[in-house]
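Reminder that position 105 of the sequence shown reads as 151 in my numbering, one-by-one numbering, no gaps. No residue lacks a Cβ here, since even glycine has one placed at the ideal position from N, Cα and C. Here is the structure we will look at, set down as structure tokens.
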Amino acid sequence: METKNQVFKIRKYDDTREAGFVNAVAAAGVAYAVTRACTMGNLMECSCDKTSGKGTQRISKKMMGKMTEGFENTEWEWGGCGDNISFGNKKSKAFMNFPNRKKRKSDMKTLMRLHNNGVGRLAVKNYMLTDCKCHGLSGSCTLRTCWKKMPPFREVGNRLKERFDGAAKVIPSNDGLNFIPDGSTIKPPGRGDLVYSENSPDYCKFNRKNGSLGTYGRQCNVTSDGIDGCELLCCGRGFDTKLVREKSLKYQTLLSLVDVWWQKAPTKSDENRSLRRL
Numbered sequence: 047m048e049t050k051n052q053v054f055k056i057r058k059y060d061d062t063r064e065a066g067f068v069n070a071v072a073a074a075g076v077a078y079a080v081t082r083a084c085t086m087g088n089l090m091e092c093s094c095d096k097t098s099g100k101g102t103q104r105i106s107k108k109m110m111g112k113m114t115e116g117f118e119n120t121e122w123e124w125g126g127c128g129d130n131i132s133f134g135n136k137k138s139k140a141f142m143n144f145p146n147r148k149k150r151k152s153d154m155k156t157l158m159r160l161h162n163n164g165v166g167r168l169a170v171k172n173y174m175l176t177d178c179k180c181h182g183l184s185g186s187c188t189l190r191t192c193w194k195k196m197p198p199f200r201e202v203g204n205r206l207k208e209r210f211d212g213a214a215k216v217i218p219s220n221d222g223l224n225f226i227p228d229g230s231t232i233k234p235p236g237r238g239d240l241v242y243s244e245n246s247p248d249y250c251k252f253n254r255k256n257g258s259l260g261t262y263g264r265q266c267n268v269t270s271d272g273i274d275g276c277e278l279l280c281c282g283r284g285f286d287t288k289l290v291r292e293k294s295l296k297y298q299t300l301l302s303l304v305d306v307w308w309q310k311a312p313t314k315s316d317e318n319r320s321l322r323r324l
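Structure representation (structure tokens):
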């Protein structure tokens with residue numbers, strides 16, 4: 047069993063792109079979970095968002111076109127009960143940024159962690175979907191009520207994976223209050239781009255110091271050419287296959303015997319017969 051100190055030793059490489067990705071996913075996950083809880087009425091502090099689109103929110107022409115496609119002569123208004131992403135992001139920011147509250151804002155690690163946390167929150171907020179419901183007699187759609195809802199979290203994860211692939215390596219700026227690209231060929235990162243400052247360790251090699259378990263024991267897809275394929279996960283070192291279906295069938299047979307055994311309270315003679323059968 048690992049001690050607390052060992053766990054934090056493994057997190058030595060927390061300035062890599064992998065660490066930035068994990069921070070972003072965690073921040074997005076907290077925002078998503080809190081927002082969903084608000085919509086479902088599971089929290090006392092908040093409720094669903096009944097003001098979506100009112101006041102300062104603007105609708106782009108592209109989004110407006112999608113909303114009115116096929117309903118050009120139909121009136122619509124904001125209503126319903128949308129996902130309260132503003133509250134979710136507020137709580138996510140407070141929770142994820144809490145460990146860094148006493149650290150100097152000029153600390154490079156803190157700057158990157160706060161930035162990547164924000165990337166995760168924006169991956170939900172900036173891609174909210176619009177859902178609508180028709181109102182009218184006899185199935186007509188004379189009026190539509192629309193509200194905002196979060197995208198599926200799988201889409202959020204896929205979007206952050208794209209940010210991971212295009213993460214920018216950065217170094218501290220001269221005043222220490224920000225970070226800049228590590229090289230003239232690197233595009234300055236925006237609010238939605240992940241950043242890192244250390245190159246990733248070689249995860250193909252076993253190294254307890256940086257938390258890499260190497261390739262031994264990894265499960266891979268022998269027919270895939272993607273990221274789950276054996277060629278990539280095994281780092282080109284080859285792989286062994288073993289049949290697991292037979293073992294699974296034996297396990298299922300054992301379970302069926304147990305189910306039959308407990309269908310009724312066994313008598314003494316039942317027990318003797320069952321033992322002889324086994």
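Can you tell me where the beta strand (DSSP E) holding Cys180 begins and where it ends? Leu175 to His181
Residue range of the beta strand (DSSP E) that includes Asp225: Per the sequence shown, the amino acid found at residue 225 is Phe instead of Asp. Start and end: Phe225 to Pro227.
Where does Arg190 fall in DSSP's three states? strand
Leaving out five residues on either side along the sequence, give the residues of the same chain with a beta carbon under 7 Å from the beta carbon of Ser246. Correct list, in chain order: Thr62, Arg63 and Glu64.
Sort Ala72, Val76, His161 and Trp193 by Cα distance to Cys178 and report the nearest one. A check of alpha carbon separations from Cys178 across Ala72, Val76, His161 and Trp193 identifies Trp193 as the nearest.
The segment 78-85 contacting the segment 256-263, beta-carbon criterion three pairs below 8 Å: no
What's the C-alpha gap between Ser132 and Gly284? 49 Å
What residue does the alpha helix (DSSP H) around Ala140 start on, and which one ends it? Membership of Ala140 in the alpha helix (DSSP H) is indicated by the continuous run Ile131 to Met142.
Under DSSP, the beta strand (DSSP E) around Val80 begins and ends at which residues? From DSSP, Val80 is part of no beta strand (DSSP E) but of the alpha helix (DSSP H) over Arg63 to Thr85.
Under DSSP, the alpha helix (DSSP H) around Val202 begins and ends at which residues? Phe199 to Asp211
Nearest-angstrom Cα separation, counted from Asp60 out to Thr156: 11 Å
Using only CA atoms, which one of Phe144, Arg147 and Lys171 lies nearest to Gly134? Lys171
On the three-state DSSP scale, how would you describe Gly128? strand
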